[in-house]
Amino acid sequence: MPALLSHRLAVPLVIALVVVALSFALPSNFYLRVAALVWISALAVIGLNLLMGYAGQVSLGHAGFFGLGAYAVAVLPAQFALHPLLAALVGAVICGLIAFVVGRPILKLKGHYLAVATLGFGILIAMAISNEAWLTGGPDGMPVSRMTLFGWRARGAETWYWITGGLLVVGAWIAVNLVASPTGRALRALHDSEVAARVAGIDVARYKVRVFVISAVYASVAGSALALVNGFVTPETANFMHSIELVTMVVVGGMGSILGSVAGAAILVVLPQVLTAFHEYEHMLLGLMMMVIMIVLRSGIVPSLAALIQRRRK
Amino acid sequence: MPEFLQFSVSGLTVGAVYALVALGFTIIYNASDVVNFAQGEFVMIGGMATVFLTAAGIPLPVAALMAIAAAMAVGLALHRLAIEPARGASPVTLIIITIGASIFLRGLGQVVFDKQFHSLPSFSGDTPIRFGGAAILPQSFWVLAGAGIIVLALWAFFNRTLLGKAVLATAANRLAARLVGINTSFVVGFSFVVSAAIGAIAGILVTPITLTSYDIGTLLALKGFAAAMLGGMGNPLGAIVGGLAVGLLEAFGAGYLSSTYKDAIAFIVILGVLFVMPGGLFGRASVERV
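If you read the sequences in order, they're chains A and B. Okay, so the first sequence: first residue is 445 according to the working numbering, each after it adds one. Okay, so the second sequence: first residue is 490 according to the working numbering, each after it adds one.
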């Protein structure tokens, strides 16, 4: 079993199994919709985890890319009659380019300075989205036209459950391959020590920018998917609180763990849904559970539990 | 010219609050390496508790003292119940804990107080003082004077008292501080209490001008954090200069350029400064050990 789990394809396979198994277990469209939201968040979180968990670079502005992806499938079809899939692609390319251009100066910064720079960058995107009402509908958001593919309209919770689940599995598969590639090893090296990585011949700046671009594209694709599922976009997708939420998902699930990304996304998407039953105590309980999880499982859910199981076995 | 003066005063008033929040960040960060994102909630508790205590018939000065005490108790509880049990966890884990604490305190504020906006009467009337063509609210002087007194008191505390020196020693090197007999755990808890008190005082002073509600903490923490980074993390002087600079940038940006993009202007300048000075205005170049 441990040998099987350490295989490169194990993680995407486990995620695929969970997606398939849940499709039988979930009783109604409402649950399928929540699950689709989990898969979308998990996709963005996997991208951010590549940046944070593997390369050790914090981004407090990732919702900016998420928002750009979401608005790409809203604005481009409405303004230029572009097909939503093409619009999502354009959004991903734009996000990648922006990440490439701002990546070099921003990623020179370290630790908390990097955090505040990415934070400012994300806020600039969020402000542009909510203030340029002629293009984006302003604070009220704007509708997203339904996606049609060869005359078939993608609609209904179940359809989107499978589309987003599929996206997540592909995203996880790409991520595990990336981690196992020379790029992945370079990222872990510069995470441990940039000086040591440079001495070992790694072009630190180039690899940092590369993973920043990749994580921006993940966020953009996830944003596009969310816009298409909801049929509506609001500036909240791009705002600072959403960036914080994504970072929280990474840390709660476990830095440097692809499965952890899915677990973190699942908890922080499902928990608020459950807690709405507690009305005004909702936020207190959410904050309390975040604190308790981080105190008890301080390396994040998946890595902490894995360590616990390993210790039991010995 | 009157315009310039007007924007300067309003910028400095708001900036003084940012500076106090940034100072709170700095004190906790220096003592414990924790970036406390619940710092803005101390400001909320100070303002909201004073509003509700005065509404219950308690005179303003007493209510203000009680609110500060309440914030200090929350600061102590935050350290004892959330930060201390996670001692040794990675900085990112600790940051998420403080974000959880911030969400918790916001929820608590919503339950204990309410979801409305509240104000306090100005401490010395609402008649604006005319000065060089600008109209200045008397409360602005209270905010600026309050911030000035806090800064002077902190300076005296850190340089003139044994406990203050113990805090500085802990900030410089925790292990060495413990070796010379300083109770570092107490010092860290103490720094949370001091930060909470500073935040609460800022909240009480500024509530007559900017109003308060249960959710003002997030934005203040954001601005205070940005201000602290602009000045150079861990540098108290940098926190004050950074806070005032962010306040002034916002006021001038809103006044001369565009009020919808006033936050953007502050952040563009911060990005620009960090690109040139990656350690902030007063930061030192860091050396990485391999």
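For each residue, glycine too, the CB sits at the ideal point set by N, CA and C. From a predicted model like this one, the values you see are computed outputs, not experimental measurements.
Listed along chain A is no residue with a C-beta nearer than 7 Å to that of B:M533; the closest approach is about 13 Å. The alpha-carbon separation between B:A661 and B:N648 amounts to approximately 14 Å.
Non-local beta-carbon contacts of B:A685 in its own chain, meaning distances under 7 Å to residues more than five positions away in sequence, involve F531, A560, M561, V563 and G564 in chain order. A:G540 has its alpha-carbon roughly 20 Å from the corresponding atom of A:P521. Chain-order list of chain B residues neighbouring A:R742: A575, A578 and T582, by C-beta distance under 7 Å. Secondary structure note for B:F620: it is in no alpha helix (DSSP H), and the uninterrupted beta strand (DSSP E) holding it is I618 to F620.
Within the region 586-603 of chain B, the residues whose Cβ lies closer than 8 Å to some Cβ of chain A are I586, I588, G589, A590, S591, I592, F593, L594, R595, G596, L597, Q599 and V600, listed in chain order.
Residues of chain A with a Cβ closer than 7 Å to the Cβ of B:F756 are, in chain order, G564, I567 and L568. For A:E724, the nearest beta carbon of chain B is closer than 8 Å to its own beta carbon. A contact is defined here as three or more CB-CB pairs under 8 Å, and the region 685-704 of chain B fails this definition with respect to the region 738-754 of chain A. Interface flag for B:V735 against chain A is unset, since no Cβ pair is found closer than 8 Å.
Contiguous beta strand (DSSP E) elements confined to the region 615-657 of chain B occur at 618-620 and 623-625, taking only those with 3 or more residues. Taking the Cα positions, A:S637 is about 12 Å away from A:Y498. The DSSP assignment places no complete beta strand (DSSP E) segment of no fewer than 3 residues inside the region 515-575 of chain A. For the pair A:A543 and A:A531, the CB atoms are not nearer than the 8 Å cut-off. Neighbours of A:L457 in chain B, taken as residues whose beta carbon is under 7 Å from its own, are absent, since the nearest beta carbon is some 29 Å off. With a threshold of 8 Å between beta carbons, A:T678 makes no contact with chain B. Within the region 600-673 of chain A, the runs of alpha helix (DSSP H) that reach at least 4 residues and sit entirely inside it are, in chain order, 601-624, 626-636 and 638-643.
Contact check for B:A505 and B:L633: beta-carbon distance about 6 Å, within the 8 Å limit, so the pair qualifies. Within the same chain, Cβ atoms closer than 6 Å to the Cβ of A:N493 are found at V694 and S705, the five residues on either side in sequence being excluded. Contact check for A:G566 and A:G508: beta-carbon distance about 4 Å, within the 8 Å limit, so the pair qualifies. Between A:G491 and A:Y662, the C-beta gap is smaller than 8 Å, which places the two residues in contact. The closest CA to that of B:L554, considering only B:V601, B:I687 and B:A743, is found on B:I687.
For A:H727, the enclosing alpha helix (DSSP H) stretches over residues E726 to V740.
Taking A:T692 as the centre and dropping the five residues before and after it, the same chain places the C-beta of G708, L712 and M734 closer than 8 Å to its C-beta, in chain order. Fewer than three beta-carbon pairs drawn from the region 601-610 of chain B and the region 743-755 of chain A are found closer than 8 Å, and the two stretches are therefore not classed as touching.
No Cβ-Cβ contact shorter than 8 Å links A:A649 with A:A641.
Using a Cβ-Cβ cut-off of 8 Å, B:D752 counts as an interface residue toward chain A, since at least one Cβ of chain A sits closer than that to its own. A check of alpha carbon separations from A:N621 across A:S589, A:W483 and A:I658 identifies A:I658 as the nearest.
Within 8 Å of the CB of B:P767, the CB atoms of chain A belong to K552, L553, K554 and Y557, in sequence order along the chain. Under the DSSP assignment, B:V730 falls in the alpha helix (DSSP H) whose first and last residues are P725 to F741. Think of a sphere of 7 Å around the beta carbon of A:F684: the chain B residues whose beta carbon falls inside it are L711, in chain order. In the three-state scheme derived from DSSP, where H, G and I count as helix and E and B as strand, A:F676 is classed as strand. DSSP places B:M722 in no alpha helix (DSSP H); its state is neither H nor E. If the five residues before and after B:I588 are omitted, its C-beta is found closer than 7 Å to the C-beta atoms of F526, all from its own chain and listed in chain order.
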